[in-house]
Amino acid sequence: MTETAYTSNEIMSIVAARHLNNGQVCFVGIGLPSEAANLARLTHAPEVVLIYESGTIGTRPDVLPLSIGDGELAERADLVVSVPEIFAYWLQAGRVDVGFLSAAQIDRFGNLNSTVIGDYDDPKVRLPGAGGAPEIATLAGEVIVMLRQSTRTFVPEVDFISSLGFGRDGQGRTGTSGKGPTVVITDLGVLKPDPNTNELMLVATHPGIEVSEVEAATGWQLGVADSMGRTEAPTEVELQVLRDLKERTRVAHGEDATVRPAHRSG
Amino acid sequence: MTETAYTSNEIMSIVAARHLNNGQVCFVGIGLPSEAANLARLTHAPEVVLIYESGTIGTRPDVLPLSIGDGELAERADLVVSVPEIFAYWLQAGRVDVGFLSAAQIDRFGNLNSTVIGDYDDPKVRLPGAGGAPEIATLAGEVIVMLRQSTRTFVPEVDFISSLGFGRDGQGRTGTSGKGPTVVITDLGVLKPDPNTNELMLVATHPGIEVSEVEAATGWQLGVADSMGRTEAPTEVELQVLRDLKERTRVAHGEDATVRPAHRSG
Amino acid sequence: MAEFASLHEAVAELVSDGSTVAMEGFTHLIPFAAGHEVIRQGKRDLTLVRMTPDVIYDQVIGSGCASALIFSWGGNPGVGSLHRLRDAVENGYPAPLVIEEHSHAGMAARYTAGASGLPFGILDGYLGNDLAERSNIAVIESPFDGRRVAAVPALEPDVAVLHAQQADRRGNVGLWGITGVQREVALASSAVLVTVEEMVDVLEPRGPNAAVLPSWTVDVIAVVPRGSHPSYSMGYTTRDNVFYTRWDKIARDRQVFTQWMDEFVVGASDFGSYLAALDAGTLTALADDD
Amino acid sequence: MAEFASLHEAVAELVSDGSTVAMEGFTHLIPFAAGHEVIRQGKRDLTLVRMTPDVIYDQVIGSGCASALIFSWGGNPGVGSLHRLRDAVENGYPAPLVIEEHSHAGMAARYTAGASGLPFGILDGYLGNDLAERSNIAVIESPFDGRRVAAVPALEPDVAVLHAQQADRRGNVGLWGITGVQREVALASSAVLVTVEEMVDVLEPRGPNAAVLPSWTVDVIAVVPRGSHPSYSMGYTTRDNVFYTRWDKIARDRQVFTQWMDEFVVGASDFGSYLAALDAGTLTALADDD
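Protein chains in written order, with my numbering: chain A, 52 to 317; chain B, 52 to 317; chain C, 4 to 293; chain D, 4 to 293.
Below you can see the structure in the form of structure tokens.
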């Protein structure tokens, strides 16, 4: 292909970034969501307002934070508030347009599990827990989910609903003010809820990815949209801005640059 | 008499100040309560913590504030917080030992009226309203009331209970965490609730004041304690510190010094 | 994002007849200039909201702009009564005023619920007094230990009207010192109008308790230096205690009040005339003349 | 008024076996030195509380000091799992750990209720997920419009353990930057222990969101420079991201963990030994050696 080569993480971040509009208020999680949201801010959405649950509002980090509470986020924020306030005055009051979430598992109705694999009282894997996601999932105007796709992560029904998608029957959003997961972005393609059943279905594949590959990486019989889309390949600008951001981050945090080599030689 | 002459306002402030102990946390109103609380801080109680409802905590004003939100209070405070916080985190949480209140009327059970004289819907005099007092009255560890005594201000039953004393029957403090008005300081003497009935009774008169004068200035048949006390006359130090404070205030606010004369000549 | 406009445009755009308007400020940063503009534009039938209605609401009520008042303490701080407010409540002059009153703690809880998107707030309050039966208060029990607390409905004004020290060029508003319930009011209201002392490149608080209202939470900003007179803007102006004393005399008499309002507010083109009279020493001349 | 003491004395005085202890911090100002002292003094049967248990709770739990954990997210920020926490929950090693988990919003509301002296807090939360049935959540209806909200019980720890940037000589504590729920925890707890980077004559915040805990709300202060390592204290230290990465390897293996704890915490006289190893580059040598 003629496009520049890119990694699967890169296309996830780039596609997710494209879903964020200029001027929107976005509640951001650490990791890929943070990467995608800042990529959007550095490309087509300079006036996007990024909120992190540590209480930083309107932050413009020059490098990606490693933790949700990095000093970088506070120093470059329009304001910093307490954690009770970020949830009560900002998220709960309906001021967040888009919530960016990830999880360990998602099911066909977009429910997210970040709590436990297996039985709650006798877990196979104890995961970190729900954190801020349960209320982002119900209170943000809409939710964008980012998750690498495999039959381990895309399961028919999650062991534990940490954060509500559309509930166990697809019709479980009574009483919530937000629309829930309107789009799920993976390393293979893009899924959206069926307008009637709310079951996630494939609406687009990334360049070079076949529908059959996505089906094989999904733990349920994946529905496919009538008019399947094709993700536009990353542009040079998108890739350059993303890679510059990650390089700045690498240098700033010093981890790979100075520590890993020492470690490897140790 | 051999003591220095003093005004009735001065002895009210001085006696009230004596009731505040060093290290106590005191929620202060404007006017005489503020004067008394700061006098205590400048004499025997240097570590008293003064809180004003405008959100200033641990303030040490050099001159008396004219309004509850004077800049002086903010500039000389240990911290300044929002008004919702001062009521929720500080008063409601039980952090205030003493509330200093005044009112337009008090009744024999220590209930305070600062809302209306006459019928609520067709008032003879519409007063400013309750402000912060209702919750100070129920949540402060105890309440000190300061009020000039007359049959107009000391009434059998207030027209409107703005702030709870002991209720209309003297037994109305169920569910409140504070003790209510433990002492009422007037220009004539000191009243305290009867331990059984909670009816205010005279426990001390100020120098030169006869019991009969206090009775005549009270709108109900005033009970008198078995062992009547006599207020100790203001000391030279108390008077000097109070007068210095008021002189600094007069000069700082400029009102009397520069404006009144111009007004009189105008 | 906030837009910058003249105060005339700002008030015309955001305040309508019948609006519920909260001009807040806890003796500090009181939006007098904006209140004058509301009077000048002859708004009617307003429901005024404020914890501590003071001289600006005396002026608005006395000018016949309001039909209702939701409040917890209404007076001239450090001086005494608000005579125009009293005249409205006691005599229905110039128009009847429906009042709904609370304690400060109750009003703060109502604004906080509004800012939080909750239908109600809870507090340990309204115990044993006569306010509860005059207001919309409920008692609810803790589902955990049965302890009873008061519930108050969220307060969500149509328009918050505030004065602050600074706005940056992107429209972020900076305020500090005693900030009262201003942040809660701004976040509880459908629209937010802010007058500021100064536009700056970077917000630079010069006192404690610094707060920021991000640009996207504010609708219109008007730069109005000294716009909080006779109250003060910490770091810019000091409180004009003399004015508050003189106001008592101006407001006490219906005719003197009307004459003063006509001269300095209604008949003025903007807040500049008021400041000119202030600087010339003629603003309170009516109070000197008797 | 707060008293100043050594960290050893502070922990001995305030933390008892069986205490409910909240060592808070939202990736910033995490009280590592105080946590080490708790381990060093061999406290047992603690109920640990924290929104975001991270490496310090991994150390406390792995050392067998805790029997319960109340939390909303437990991980190594930016790295992955807390292996000692997982070993306790999944395998009961070194001791079973009873967990009670919430969402962040729920924990924040619980602390806020505690700081406010209310029996419970309310939030629009816990909708449609499986957390509600695992926690002590109730649903109540608005007495005004019938809207349903979640209620959570107040959280009132026995001891709040915090790290802050500064204390003045009167014992007022100053912190800034990301302050998380630290003020609420301090005000909700029966006792408050604070370690600080520095004692100063006058509190001087060097960043946004400055807060003060007045001396009379704090019990004991210990001056422990760099006491938040490997987290950071804005204006004093930066986050040691390398340590967090290395911790993953140390904590993954029971034996390596125990060896590390013995060398740098349990067998050390105080936090100074730990800092000396840090400066000498030997603190994470165990993670380099394989």
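Where is the CB? At the ideal position from N, CA and C, for every residue including glycine. Values in this document were obtained by computation on a predicted structure and should not be read as measured data.
In the three-state scheme derived from DSSP, where H, G and I count as helix and E and B as strand, Ser70(D) is classed as strand. By the CB criterion at 8 angstroms, Phe160(B) and Gly218(B) fall inside the cutoff. Separation of Ala37(D) and Ala163(D) (C-alpha to C-alpha, rounded to the nearest whole angstrom) is 11 angstroms.
The segment 55 to 123 of chain A is shown to contain whole alpha helix (DSSP H) runs of 4 or more residues at 59 to 69, 83 to 93, in chain order.
Between Ala25(D) and Arg47(D), the C-beta gap is not smaller than 8 angstroms, which leaves the two residues out of contact.
In the DSSP assignment, the residues bridged to Thr23(D) are Thr50(D).
Residue pairing by DSSP puts Lys243(A) in a beta bridge opposite Met252(A). Among the residues of the segment 128 to 162 of chain B, those with a Cβ less than 8 angstroms away from any Cβ of chain D are Asp129, Leu130, Ala139, Tyr140, Gln143, Ala144, Gly145, Arg146, in the order of the chain.
Taking Val226(C) as the centre and dropping the five residues before and after it, the same chain places the C-beta of Val199, Met202 closer than 6 angstroms to its C-beta, in chain order. Boundaries of the beta strand (DSSP E) harbouring Arg177(B): 174 to 177, taken from the DSSP string.
When Cβ-Cβ separations below 8 angstroms define contact, Pro160(C) makes no contact with chain A. Counting the other Cβ atoms within 10 Å of the Cβ of Glu123(B) gives 16 or more, which makes it buried. Take the alpha-carbon of Ser193(C) and the one of Ser106(D): they are about 29 angstroms apart. The Cβ atoms of Leu215(B) and Arg224(B) sit closer than 8 angstroms to each other. Across the segment 107 to 130 of chain A, CB contacts with chain D closer than 9 angstroms involve Thr107, Pro116, Leu117, Ser118, Ile119, Gly120, Asp121, Gly122, Leu124, Ala125, Glu126, Ala128, Leu130, in sequence order along the chain.
Among the bridge pairs identified by DSSP, Tyr60(C) is matched with none. Chain-ordered, the chain D residues with CB closer than 8 angstroms to the CB of Thr227(A) read Leu130, Gly131. In the DSSP secondary-structure assignment, Phe7(C) is bridged to Ile224(C). Bridge partners of Pro232(A) according to DSSP: Val194(A).
Proximity of chain D to Ser64(A) at the Cβ level (cut-off 8 angstroms) is not reached, the minimal Cβ distance being about 16 angstroms. DSSP, reduced to helix, strand and coil, places Gly149(D) outside both helices and strands of the structure shown, so it counts as coil. Secondary structure at Phe138(B): helix, using DSSP grouped into helix, strand and coil. Residues of the segment 204 to 226 of chain D with a C-beta atom less than 7 angstroms from some C-beta of chain B are Val215, Pro217, Trp219, listed in chain order.
In its chain, beyond the 5 residues on either side, Leu196, Val223, Ala225 have a beta carbon closer than 6 angstroms to the beta carbon of Ala13(C). As summarised for the segment 101 to 183 of chain C, the continuous alpha helix (DSSP H) elements at least 4 residues long and confined to that stretch are 107 to 118, given in chain order. Non-local C-beta neighbours of Thr107(B) in its own chain, meaning closer than 7 angstroms and more than five positions away in sequence, comprise Leu124, Ala125, Ala128, Val131, ordered along the chain. With its beta carbon at least 8 angstroms from every one in chain A, His232(D) lies outside the interface. Around the Cβ of Thr58(B), a 10 Å sphere holds fewer than 16 other Cβ atoms; the residue is exposed. For Val265(B), no chain D residue has a Cβ inside 7 angstroms of its Cβ, as the nearest lies near 37 angstroms away.
If you check the CB distance, Gly117(D) and Ala191(D) come in under 8 angstroms.
Using a Cβ-Cβ cut-off of 9 angstroms, Leu215(A) is close to Leu130, Gly131, Asn132 of chain D, given in chain order.
For the segment 66 to 84 of chain A, the set of residues with a beta-carbon nearer than 8 angstroms to any beta-carbon of chain C comprises Gly74, Val76, in chain order.
Think of a sphere of 7 angstroms around the beta carbon of Glu186(A): the chain D residues whose beta carbon falls inside it are Ser106, Ala108, Gly128, in chain order.
Contact of Ala118(C) with chain A by beta-carbon distance below 7 angstroms involves Tyr140, Ala144.
Excluding its 5 nearest sequence neighbours in each direction, Gly82(B) has C-beta neighbours in its own chain below 7 angstroms: Ser153, listed in chain order. Ranked by Cα distance from Val176(C), the first of Gly183(C), Ser119(C), Thr182(C), Ala167(C) is Ala167(C).
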